[in-house]
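Residue numbers (the numbering used here), protein chains in the order written: chain A, 183 to 322; chain B, 745 to 861.
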């Protein structure tokens, strides 16, 4: 892993309209690296959904991205309330988002399913009252 | 379908200043739920929405979309328009409803795209 490019982002949970800035930054960097557009899109959409979730559900968190010629690996960690039933949370259409979040166009229950859909590796672990960690990779 | 044609068909007003209106759009998606939009990867698409906030442009940017149409006469603020301009996303506003706008574009041959993967 020593040759990986490592990027870290602290995501604030205070301002919903800022959600997505890390994904935008990552997208720009991956473009400069000459990575294929479809690969970039899959990685950054997955990260964008994760960022939205950090803001909606966990008052922010930390994102670490590892990039090497083989893959883009993204680790998303928060100290939020945790997810009680992960299989339920993974089902399309299930959401605990507030009405306020829905009026902004999110909270359709597609976040976690989209992350899994667009990545080649996806793993989620969560403890109630401790937080949630997602590890996902897109192969280049 | 060219972006310029979309504006004409919808009798819309183009709010961005610096984007290329001759670019070709191959697919369309109409939704107020950005998570639904994110569920469908499309190339060179146009997004029609009744939602009016910054996240619409950011979502379009993530999806590499070329154009966003705000329906029912919604006019995004200058911050939103500037952000779209910076990212080469054309912003159009139309008085048409979502149903009518989608129907008009469909009638002129534009279709929703299938997953590219």
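Even for Gly, the Cβ is constructed at its ideal location relative to N, Cα and C.
Closest by CA to residue 228 of chain A, which one among A/210, A/284, A/261 and A/304?
Of the candidates A/210, A/284, A/261 and A/304, the one whose C-alpha sits nearest the C-alpha of residue 228 of chain A is A/304.
Test: residue 866 of chain B CB closer than 8 Å to a CB of chain A:
With chain B covering 745 to 861 only, the question about residue 866 of chain B has no answer from this structure.
Cβ of residue 842 of chain B within 8 Å of any chain A Cβ:
Not an interface residue.
Closest to residue 267 of chain A by C-alpha separation, out of A/308, A/301 and A/285, would be which residue?
Answer by Cα proximity: A/308.
From A/262, A/224 and A/257, residue whose alpha carbon lies closest to that of residue 242 of chain A:
With distances taken between Cα atoms, residue 242 of chain A lies closest to A/262.
Taking the beta strand (DSSP E) that residue 246 of chain A belongs to, which residues open and close that run?
First-last of the beta strand (DSSP E) with residue 246 of chain A: 242-249.
Quick one: which chain B residues come within Cβ less than 9 Å of residue 242 of chain A?
Close to residue 242 of chain A, with beta-carbon spacing below 9 Å, lies no residue of chain B; the smallest spacing is near 17 Å.
Bridge partners for residue 806 of chain B per DSSP, in chain order?
Under DSSP, residue 806 of chain B shares a beta bridge with no residue.
Report yes or no: do the segment 800-807 of chain B and the segment 818-828 of chain B share at least 3 C-beta pairs separated by less than 8 Å?
Flag = yes, the segment 800-807 of chain B and the segment 818-828 of chain B touch.
Is residue 853 of chain B helix, strand or coil by DSSP?
Residue 853 of chain B: coil per DSSP, three-state reduction.
Just list the beta strand (DSSP E) runs in the segment 192-262 of chain A, keeping only unbroken ones of 3 residues or longer that don't cross its boundaries, in chain order.
Entirely contained in the segment 192-262 of chain A, the beta strand (DSSP E) runs reaching 3 residues are, in chain order, 242-249 and 253-260.
When the cut-off is 8 Å and only beta carbons count, does residue 767 of chain B lie next to chain A?
By this cut-off, residue 767 of chain B is not an interface position.
In terms of alpha-carbon separation, which member of B/818, B/819 and B/782 lies closest to residue 805 of chain B?
Relative to residue 805 of chain B, the option among B/818, B/819 and B/782 whose CA is nearest is B/782.
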